[in-house]
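2 protein chains.
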Amino acid sequence: MNYLEQSFSVKFEYKIFFTSSLFNINNNTLIDFFKQKPSESLRKLFFVVDQGVADAHPNLLTDISTYFAGYPEVQLIKEVMIIPGGEAAKNDIAHFDRIVEAVNGFGIDRHSYIAAIGGGAILDLVGYAAAVSHRGIKHIRIPTTVLSQNDSGIGVKNGINYNGKKNFLGTFAPPNAVFNDEEFLATLTDRDYRSGISEAIKVSLIKKPEFFHWIEEHADELVSRNKVSMNHLIKLCAQLHLNHIGGDDPFETGSARPLDFGHWAAHKLEQLSNFSVLHGEAVAMGIALDSTYSFLKGMLTEEKLRRILKTLVKLGYDISNPYIQINDLESPILKGLAEFQEHLGGKLSITLLTDLGTGEEVHEMDQQLLIKASKYVRDFTESSSTTTAYES
Amino acid sequence: MNYLEQSFSVKFEYKIFFTSSLFNINNNTLIDFFKQKPSESLRKLFFVVDQGVADAHPNLLTDISTYFAGYPEVQLIKEVMIIPGGEAAKNDIAHFDRIVEAVNGFGIDRHSYIAAIGGGAILDLVGYAAAVSHRGIKHIRIPTTVLSQNDSGIGVKNGINYNGKKNFLGTFAPPNAVFNDEEFLATLTDRDYRSGISEAIKVSLIKKPEFFHWIEEHADELVSRNKVSMNHLIKLCAQLHLNHIGGDDPFETGSARPLDFGHWAAHKLEQLSNFSVLHGEAVAMGIALDSTYSFLKGMLTEEKLRRILKTLVKLGYDISNPYIQINDLESPILKGLAEFQEHLGGKLSITLLTDLGTGEEVHEMDQQLLIKASKYVRDFTESSSTTTAYES
Numbered sequence: 213m214n215y216l217e218q219s220f221s222v223k224f225e226y227k228i229f230f231t232s233s234l235f236n237i238n239n240n241t242l243i244d245f246f247k248q249k250p251s252e253s254l255r256k257l258f259f260v261v262d263q264g265v266a267d268a269h270p271n272l273l274t275d276i277s278t279y280f281a282g283y284p285e286v287q288l289i290k291e292v293m294i295i296p297g298g299e300a301a302k303n304d305i306a307h308f309d310r311i312v313e314a315v316n317g318f319g320i321d322r323h324s325y326i327a328a329i330g331g332g333a334i335l336d337l338v339g340y341a342a343a344v345s346h347r348g349i350k351h352i353r354i355p356t357t358v359l360s361q362n363d364s365g366i367g368v369k370n371g372i373n374y375n376g377k378k379n380f381l382g383t384f385a386p387p388n389a390v391f392n393d394e395e396f397l398a399t400l401t402d403r404d405y406r407s408g409i410s411e412a413i414k415v416s417l418i419k420k421p422e423f424f425h426w427i428e429e430h431a432d433e434l435v436s437r438n439k440v441s442m443n444h445l446i447k448l449c450a451q452l453h454l455n456h457i458g459g460d461d462p463f464e465t466g467s468a469r470p471l472d473f474g475h476w477a478a479h480k481l482e483q484l485s486n487f488s489v490l491h492g493e494a495v496a497m498g499i500a501l502d503s504t505y506s507f508l509k510g511m512l513t514e515e516k517l518r519r520i521l522k523t524l525v526k527l528g529y530d531i532s533n534p535y536i537q538i539n540d541l542e543s544p545i546l547k548g549l550a551e552f553q554e555h556l557g558g559k560l561s562i563t564l565l566t567d568l569g570t571g572e573e574v575h576e577m578d579q580q581l582l583i584k585a586s587k588y589v590r591d592f593t594e595s596s597s598t599t600t601a602y603e604s
Numbered sequence: 213m214n215y216l217e218q219s220f221s222v223k224f225e226y227k228i229f230f231t232s233s234l235f236n237i238n239n240n241t242l243i244d245f246f247k248q249k250p251s252e253s254l255r256k257l258f259f260v261v262d263q264g265v266a267d268a269h270p271n272l273l274t275d276i277s278t279y280f281a282g283y284p285e286v287q288l289i290k291e292v293m294i295i296p297g298g299e300a301a302k303n304d305i306a307h308f309d310r311i312v313e314a315v316n317g318f319g320i321d322r323h324s325y326i327a328a329i330g331g332g333a334i335l336d337l338v339g340y341a342a343a344v345s346h347r348g349i350k351h352i353r354i355p356t357t358v359l360s361q362n363d364s365g366i367g368v369k370n371g372i373n374y375n376g377k378k379n380f381l382g383t384f385a386p387p388n389a390v391f392n393d394e395e396f397l398a399t400l401t402d403r404d405y406r407s408g409i410s411e412a413i414k415v416s417l418i419k420k421p422e423f424f425h426w427i428e429e430h431a432d433e434l435v436s437r438n439k440v441s442m443n444h445l446i447k448l449c450a451q452l453h454l455n456h457i458g459g460d461d462p463f464e465t466g467s468a469r470p471l472d473f474g475h476w477a478a479h480k481l482e483q484l485s486n487f488s489v490l491h492g493e494a495v496a497m498g499i500a501l502d503s504t505y506s507f508l509k510g511m512l513t514e515e516k517l518r519r520i521l522k523t524l525v526k527l528g529y530d531i532s533n534p535y536i537q538i539n540d541l542e543s544p545i546l547k548g549l550a551e552f553q554e555h556l557g558g559k560l561s562i563t564l565l566t567d568l569g570t571g572e573e574v575h576e577m578d579q580q581l582l583i584k585a586s587k588y589v590r591d592f593t594e595s596s597s598t599t600t601a602y603e604s
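Here it is in structure tokens:
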């Protein structure tokens, strides 16, 4: 056969910095990043900021401007783009267009940077616009929520929604750097603060039993917003995600997606609720459902299941929310199975649990058993709210 | 400093097959590709075809359908999408939207394939839609022009235009396979057939002197559409492009872009002519201009320059086309320098010639000298059309 063969590898490297008050002029973390990457040409830096973050931190834009004033290493674009955060940012293509237009208008080239400050949705949106503008301009992520600091903001994926399908358009494009600033967490509502903990529970349950035990033991501290505990949770969760991504399939060419434990139901549930249920909350509900299914399937002991459910309830998750209820085979959440399969491609691959800290891929889900699992979770929450019978 | 570090490599591999009558049922090249990549799940295959190709090959769609009828390895999507070819395909976002909508509607997942048959513009468009749908579905390119078979169709780039800026939106995304079918070249107009030869001249001039000598010697055969000569030209040109891409910067993170020799003027000229000048023709004009500039700059001998210009004229290129004329500092083509710099990012990097087969990067262009170079090319073509004085 007559052919030529192309073969090459591309190396990707980036750091996730953990800091406090990133734009304080005495904090060199950010400027050192630029200084350590000398450039032959002028580097512009353009910020896109989550509306909620800008509102909660009224001095932020001034701080950014003051911070870079003394540094010739970077040419800060004075105009900052503010975009409403949350899933809405990913649903309306107009936001994507605005960013691309700004890249064009401000002359942000492939050696310049676009930095996103915000929750996961803003990071996903800006990351996508950065990845496709000029075939990829440099990109910095500054996640401001627990969820984005420990999971979505530190990985290699970006995306926007299309026709209601979550992340239908996107790429795998590692950022050039991530800066996790604990100060941004201080202004989160309790609901936002807690919701991101579920991704740590998820990764602990499939990767690291000691981490799950730690979360169980520190649930009260996490709920009371103890900073030391939260910093520990975020860093360890981030590390476990990075380890997985840096493994043998960073750009997910296979069908297995263990980090998506609990996510098939979560994605559908977010959509069904029109995103009134937050991603982290939906993941907690998905974990409850799939852990219970694992028990009913005979893979996980009931004692371990109840430890999981108890921890989720303790952290304030509404794991029997009406949107995740599966009452019969017509329940809309069940459509999430087919959509999950389609988005990943190939055969259905769902991660279940065989132990606290050990996942196992299965390729079919018994829908009758899912109905039972849903009822089990509902019964569990009803009994835990009225009695302490299950507290052992 | 408190940070985590992520580091991983992603390997990319694909083959470029050279064949004849790809969809003849006795040709196993295409089906063998699928058979050699067994899949656990059903693989769908969706074709997008260049209108011009479909018109010139009225049996094509039937042939495709017949070809796959006997093979359970692939589930062919019966509906084929036809898109008008040429740069217009990249200018109107509606074409991109149609493809993404089809990926959604036909349920093309990350293990399924989208195949594009057409010229470089269609391949760029479909490649981009494939790269961002589901964060990348599998993609097969079937280039049908000389230009796309020897250059654009076999590389790693895709893209569409935005606000008149060429390839403003795009990604680096290697195809899963490329199939070069010589039969598609047979129906090209002489103009289309010849225009793509300029990319071979380009790569020969910066990489391989023997190849330039070969083109000089076989110019008449190429003009008379000798198949053996054209097959040789395409394969060697493709190999040289692949070698370069597979080198140390496949995704072009640096500013140097030697394969873009002659392209700064070419890109602008295509735009100025509203794409009435074909890409290959524009590249030939850009090569003439930058080679002449190299001579006037004292880098290249006049004898070697004249060999280049003579070869370009012999192949029918209109190298003193009004659009590339630079009469004064206000000539619009000169804006191409700044736009080229912006698209690549960083400092201006232009490849000039120091010899037939040897390029050298420079970082500034003397605009007065470009005016002189433009006049030199014009004088050359005038004298070669009226006398044979320069034929030595």
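So the protein sequences, as listed, match chains A and B.
For the first sequence, position 21 (counting from the first letter as 1) is numbered 233 according to the working numbering, and the numbering increases by one without interruption.
For the second sequence, position 296 (counting from the first letter as 1) is numbered 508 according to the working numbering, and the numbering increases by one without interruption.
Heads up, the beta-carbon is just placed ideally off N, CA and C, and yes, glycines get one too.
Treat the numbers as computed from the prediction; the structure is a model and nothing was measured.
Burial state of LEU434/A (16 or more Cβ within 10 Å): buried
Does GLN241/A pass the burial test, meaning 16 or more other C-beta atoms within 10 Å, or should it be called exposed? The sequence as given places Thr at residue 241/A; Gln does not occur at that position. THR241/A should be labelled buried.
If we define contact as Cβ-Cβ less than 9 angstroms, is PHE592/A a contact residue for chain B? no
I'd like to know if GLY459/B contacts chain A, where contact means its C-beta is closer than 9 angstroms to some C-beta of that chain. yes
Which residues in chain B have a C-beta closer than 8 angstroms to the C-beta of THR231/A? List them in chain order. ASN214
Mind pulling the chain B residues with CB within less than 7 angstroms of GLY569/A? Result: empty, since nearest Cβ-Cβ is about 21 angstroms, beyond 7 angstroms.
Would you mind stating whether GLY339/A and GLY371/A have Cβ atoms separated by less than 9 angstroms? yes
Sort PRO421/B, GLU422/B and ALA412/B by Cα distance to LEU443/B and report the nearest one. According to the sequence provided, residue 443/B is Asn. The question's Leu does not apply to it. When each option's Cα is compared against that of ASN443/B, the closest is ALA412/B.
Neighbouring residues, chain A, relative to PHE224/B (Cβ below 9 angstroms): GLN218, SER219, PHE220, SER221 and VAL222
Could you tell me which residues DSSP puts in a beta bridge with GLY571/B? LEU565/B
Interface residues of chain A facing HIS323/B [CB-CB closer than 8 angstroms]: SER467, GLY557 and GLY558
Quick one: using the 10 Å Cβ neighbour count with 16 as the cut-off for buried, is GLU594/A buried or exposed? exposed
Cα-Cα separation, LEU254/B to LEU288/A: 50 angstroms
Let me make sure I understand the geometry here. Which of LEU481/B, LYS509/B and ASN539/B has the alpha-carbon closest to that of GLY498/B? LEU481/B
Counterpart residues of MET442/A in DSSP-defined beta bridges: None, per the DSSP bridge assignment.
Exposed or buried, what is THR599/B when buried is set at 16 or more other beta-carbons lying within 10 Å of its beta-carbon? Its pLDDT being 48, under 50, THR599/B is placed unreliably in this model, and the value from its coordinates should be taken loosely. The residue is exposed, with fewer than 16 neighbouring Cβ atoms inside 10 Å.
Under the three-state DSSP convention, the category ASP591/B falls into: helix
Is LYS420/B closer than 9 angstroms to LEU448/B when the C-beta atoms are compared? yes
Nearest-angstrom Cα distance between PHE384/B and ASN362/B? 18 angstroms
In the DSSP assignment, the beta strand (DSSP E) including GLU422/B goes from what residue to what residue? Careful: GLU422/B lies outside any beta strand (DSSP E), inside the alpha helix (DSSP H) at 421-435.
List the endpoints of the continuous beta strand (DSSP E) containing GLY510/A. It is not in any beta strand (DSSP E) - GLY510/A carries neither H nor E in the DSSP assignment.
Can you tell which of VAL440/B, ILE446/B, GLU225/B and SER543/B has its C-alpha closest to the C-alpha of SER364/B? ILE446/B
Helix, strand or coil at ARG353/B [DSSP, three-state]: strand
Taking 6 angstroms as the limit between beta carbons, can you name the residues of its chain near GLU299/B, skipping five residues before and five after? ALA333 and PHE487
Closer than 9 angstroms, Cβ to any Cβ of chain B: which residues of the region 368-383 of chain A, in chain order? VAL368, LYS369, ASN370, GLY371, TYR374, ASN375, LYS377, ASN379, PHE380, LEU381, GLY382 and THR383
Counting only beta-carbon separations shorter than 9 angstroms, does LYS437/A have a partner in chain B? For clarity, residue 437/A is Arg in the given sequence; the question names Lys instead. False, the Cβ-Cβ gap to chain B never drops below 9 angstroms.
Any idea which residues DSSP pairs THR231/B with across the strands? ASP393/B
Does LYS227/B get closer than 9 angstroms to chain A when you measure Cβ to Cβ? yes
Since PHE318/A meets chain B, which of its residues come closer than 7 angstroms, beta carbon to beta carbon? The premise fails here: PHE318/A is roughly 11 angstroms from chain B at the closest Cβ pair, so nothing lies under 7 angstroms.
Per-residue DSSP class, three states only, for LEU527/B: coil
Leaving out five residues before and five after ASN379/B in sequence, what residues of the same chain have Cβ atoms less than 6 angstroms from its Cβ? GLY371
PHE318/A (DSSP reduced to helix, strand or coil): coil
Residue range of the alpha helix (DSSP H) that includes VAL260/B: Unbroken run through VAL260/B is the beta strand (DSSP E), 256-262; no alpha helix (DSSP H).
Which residues does DSSP pair with ALA333/B in a beta bridge? According to DSSP, ALA333/B bridges with nothing at all.
Determine whether the Cβ of ALA327/B lies closer than 9 angstroms to any Cβ atom of chain A. no
Between ILE536/A, PHE396/A and ILE295/A, which has its C-alpha nearest HIS475/A's C-alpha? ILE536/A
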